[in-house]
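With our numbering applied, the sequence shown corresponds to residues 167 to 900, in that order.
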Amino acid sequence: MDSKGLIFTKRGDDLMKRALTGTLIQFSHVEYGTGVYSEDVKFEELESLVDSKLTLPIQEIKNDDDGTAVLTVAFTNGGLAEGFTHTETGVYADDPIHGKILYAVHYSSAGGYIPPGGSAYIVEDVIDYMLLVGRNVNVAATINNMVVLATKVDIDDHNTDPEAHWALLARLATGIPEILNPLDGAVDVGETPIYRFREFVPTFAGHFEDAIQVQVDLEVGNFTAPIHDTGWLTTISGGYEQPAGMLQPVRTRYKARCRRRLNSGDISPWSEVIAFETRNVFNYVQRPINISPSQGATGVMECPTLYSSPFVVVGDTADVHEATQYRMRIGDTVLHLSPELGAVIEYDFPAGLLLVSGDYVWEVRYKGTAFGWSEWSTSTSFHTASAFITGDEAISFTSWNEYDNASAAGVALADGAALYSNGVDQDTDDGDWTSIQSRMKIRGNRLELLNSTAETITTREALSAGAGLALDLGVCIAGDVTQIDDSSTELLDISAVTHSDGFGDFLFNEGDNLIDGDESTYSFSLGVSGNNVPDGEYFQFDLGAVRTVAFVRVLSYNLSKQMRWLISDSPDSDFVEIGSARTYIQGQKAWESVDLINTSGRYLRFEVVGDIVAGNDRCYEVEIYGFAIAYLTDISSAGFSEAPAAAAVLPKITAATGPAGTAFTAADFNEIAIAKATLGTDTDTDRPDFILLESEKITPAEAFRRVAIGASGLSKDTLINITETQCDTWKQGA
167 MDSKGLIFTK RGDDLMKRAL TGTLIQFSHV EYGTGVYSED VKFEELESLV
217 DSKLTLPIQE IKNDDDGTAV LTVAFTNGGL AEGFTHTETG VYADDPIHGK
267 ILYAVHYSSA GGYIPPGGSA YIVEDVIDYM LLVGRNVNVA ATINNMVVLA
317 TKVDIDDHNT DPEAHWALLA RLATGIPEIL NPLDGAVDVG ETPIYRFREF
367 VPTFAGHFED AIQVQVDLEV GNFTAPIHDT GWLTTISGGY EQPAGMLQPV
417 RTRYKARCRR RLNSGDISPW SEVIAFETRN VFNYVQRPIN ISPSQGATGV
467 MECPTLYSSP FVVVGDTADV HEATQYRMRI GDTVLHLSPE LGAVIEYDFP
517 AGLLLVSGDY VWEVRYKGTA FGWSEWSTST SFHTASAFIT GDEAISFTSW
567 NEYDNASAAG VALADGAALY SNGVDQDTDD GDWTSIQSRM KIRGNRLELL
617 NSTAETITTR EALSAGAGLA LDLGVCIAGD VTQIDDSSTE LLDISAVTHS
667 DGFGDFLFNE GDNLIDGDES TYSFSLGVSG NNVPDGEYFQ FDLGAVRTVA
717 FVRVLSYNLS KQMRWLISDS PDSDFVEIGS ARTYIQGQKA WESVDLINTS
767 GRYLRFEVVG DIVAGNDRCY EVEIYGFAIA YLTDISSAGF SEAPAAAAVL
817 PKITAATGPA GTAFTAADFN EIAIAKATLG TDTDTDRPDF ILLESEKITP
867 AEAFRRVAIG ASGLSKDTLI NITETQCDTW KQGA
């Protein structure tokens, strides 16, 4: 069923009605698709094209006095990988409530074929769409320039013409940038405004914005000698902040413009010039700083608490914090603007607005009693979780108040580490909570799987029988654990070297091989100069995991004392001697192999026997050979039909509940059964591998007004970001 012109969708009609009361209609782009519509399709119900194939950026928007809006879009098939039959057209707009919406749609079953960019036919055009605005009827669309396919002769002529369409192609590639902040005509602008720019929407495949250049000048200037020229800026994801000391107060008028550079080297035309006026005096409320969610945070839940910095005034005269306002954006579109809150520095974001696996940006500003509103803060972007826990209230925690064998940043410093969050109270006027459910993302705790079958996994780490395991196939309980040795002796990697206090300052050059210069094997050099070294002082080598050491090779120079070797599973105690090196002769250098007792351990010590007197340099190169220990763990009880590819030890989720204001200790946290454990990988640059743990919903014996969460049984070097934890609660009667 063909449509006669463009037809409003319901959301487009709703946005147009709200525009009559002041809401801005901001058209974003046009899309072409190849969808096929049935006879009973309801165009008004559509929220997107059926099969979108091509996005066309809007080059210009004009509002005419007769109530029409003319959208100019540029079209080319130059970057089109595959041709398609163009049957459907969609005009999209940014809605302050719903985000990106399909505003109007057109369908023609006959369509027209658009060839791929690599074919002999190059299609280029600039098209105007004229939209009637103001009535709830079909919107007419007038295409002023019809697409014409070139002949082979035309293409040959075109390809040999060095001037053919260069200006159009450059404009198509780069678009024309736009300054969104400060607004054109803004007044009371502070000393350091943040320039923010409309997001770049590429026309050609493989193109992206590489840099932005901003110029600022007095309103009477012509940019020949601007008061500020940034040059090409490559890191402006949150906007560009004007440096202090350049703009003058006393309501001085300025203007600004920008242009973009693409990775292809193409440079856009300059943007439209915007003008603004500074404050009468630079004594003002300083723009606040976004604290949480932090820049680049992932796994953010549906209702995060937005935290910002304390109220600060720039200048000599003080002011009082009167109000705060937060806003949330999707790209350039404002999703939510909070009411003017009181003098607060946190805000519980309302439910129903953030979507799973979405990218959002948040900002905040403060109002002083005397000076009025600050500038908006530098924007902070974050990514929401792939799934939200649904409860009456989502609680985000702000810090780890207590930790055992872990750091305040949430890093486990040893196996078995535990973390305990701050507590959060129920609002005074609300009823008690009765139930909770917890969720947390634990990063970087994957096991190294040396081998796996449907019934066993082989790891470097010694697992405990009865421990919970998260595998890519599901959750299981570890059965019997058997230690095994690799079949051949190998050079063992050394992950870290430490030394006792008696050595003082010493030289440690990993891989330098100062004595023989041989770079073919893994070795390192140590030196001691000008220090008395007492008996029993040592260098200690961390083998990274438990190993059976067979022998070492030592190359020494200028050493006249005997050394001995000891090994332990602990870095601090229970070392057992497993062999001694001969007495090396001062002034000579030679490799010597030292056979050791085949004893297993993770930490190996190279210890002094008798005092070393200061005065001579002493160099060593050490290579450690042995069997790499492995552990075979039975997972047959899970009944897997295939071998797992990834595994991790399952930590424990804990929670504490009690009266308002309770100061929880570690003893107050009780384990919660895990309902779901998922292994995943995301875009985190440092620790992309994670376990996503979700607890069962539990109801403590007594209703509560304060809750905190924790994790225990963490493996060394794992990480839990406090921003990636959350607890959902249910009130009485819910």
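We put the beta carbon where it would ideally sit given N, CA and C, even for glycine. Nothing here was measured: the structure is a model prediction, and the numbers come from that model.
In the DSSP assignment, find the beta strand (DSSP E) that holds residue i and state where it starts and stops.
i       : result
Leu-635 : 634-637
Met-606 : 599-609
Leu-268 : 265-280
Asp-395 : 394-399
Gly-178 : Unbroken run through Gly-178 is the alpha helix (DSSP H), 176-185; no beta strand (DSSP E).
Val-486 : No beta strand (DSSP E) holds Val-486; DSSP gives it neither H nor E.
His-252 : 250-261
Gln-892 : 891-897
Tyr-569 : 566-570
Gln-379 : 375-384
Thr-847 : 840-847
Leu-501 : 499-503
Arg-612 : Per DSSP, Arg-612 belongs to no beta strand (DSSP E) and is neither H nor E.
Glu-512 : 512-514
Val-202 : No beta strand (DSSP E) contains Val-202, which DSSP labels as neither H nor E.
Ile-360 : 360-363
Gly-876 : 872-880
Asp-883 : Run containing Asp-883: none; DSSP gives neither H nor E here.
Ala-584 : 583-587
Ser-547 : 546-550
Lys-421 : 419-428
In the DSSP assignment, what are the bridge partners of residue i?
i       : result
Cys-469 : DSSP lists no partner for Cys-469.
Tyr-797 : Thr-625, Gln-649
Pro-223 : His-195
Asn-836 : Ala-821
Arg-493 : Leu-503, Glu-529
Lys-228 : Val-236
Report all residues from its chain with a CB closer than 6 Å to the CB of residue i; omit the five preceding and five following residues, and keep chain order.
i       : result
Pro-737 : Tyr-769
Glu-375 : Phe-366, Arg-426
Thr-418 : Thr-444
Met-182 : none
Asp-684 : Here Asp-684 scores only 47 on pLDDT, less than 50, and its place in the model should not be relied on; the value that follows carries that caveat. Contacts found: none.
Ala-628 : Tyr-797
Gly-341 : Pro-223
Leu-220 : Tyr-198
Gln-408 : Thr-358, Pro-359
Gly-465 : Ala-551, Lys-607, Glu-890
Rounded to a whole number of angstroms, what is the C-alpha to C-alpha distance between residue i and residue j?
i       : j       : result
Gly-199 : Gln-892 : 41 Å
Ala-574 : Ala-583 : 12 Å
Asp-180 : Asp-261 : 10 Å
Ala-821 : Gly-405 : 40 Å
Pro-415 : Ile-393 : 14 Å
Lys-533 : Leu-237 : 38 Å
Thr-358 : Asn-456 : 17 Å
Gly-244 : Met-296 : 25 Å
Ile-280 : Leu-519 : 38 Å
Phe-772 : Ile-763 : 15 Å
Thr-594 : Met-606 : 27 Å
Ser-630 : Asp-558 : 38 Å
Glu-385 : Ile-227 : 25 Å
Ser-504 : Gly-283 : 46 Å
Lys-863 : Ile-511 : 31 Å
Gly-805 : Thr-622 : 11 Å
Glu-210 : Glu-468 : 29 Å
Glu-506 : Arg-453 : 16 Å
Among residues of its own chain, excluding the 5 on either side of residue i, which ones have a beta-carbon nearer than 7 Å to its beta-carbon?
i       : result
Val-522 : Thr-550, Ala-551, Ser-552, Ala-553, Phe-554
Ser-881 : Ala-578, Asp-581, Asn-611, Val-815
Gly-916 : Only positions 167 to 900 of the chain appear in this structure, which leaves residue 916 out of reach.
Trp-398 : Ala-377, Gln-379, Arg-427
Excluding five sequence neighbours on each side, which residues of the same chain lie with their C-beta closer than 8 Å to the C-beta of residue i?
i       : result
Arg-495 : Leu-501, Tyr-526, Val-527, Trp-528, Glu-529, Ser-545
Review point. Are three or more beta carbon pairs between the region 425-440 and the region 483-499 nearer than 8 Å?
Key: no
**Study point:** Any 3 or more C-beta pairs closer than 8 Å across the region 797-816 and the region 558-566
**Key:** no
Check your understanding: Do three or more CB pairs link the region 248-258 to the region 209-219 at distances below 8 Å?
Key -> yes
Review point. Are the region 535-542 and the region 509-524 touching, with three or more C-beta to C-beta distances below 8 Å?
Key: no
**Study point:** the region 584-595 touching the region 870-887, judged by at least three CB pairs closer than 8 Å
**Key:** yes
Review point. Hey, is the region 654-667 in contact with the region 802-813, meaning 3+ C-beta pairs nearer than 8 Å?
Key: no
Practice item. May I ask you to verify whether the region 633-647 touches the region 816-835, counting CB pairs closer than 8 Å and requiring at least 3? Key: yes
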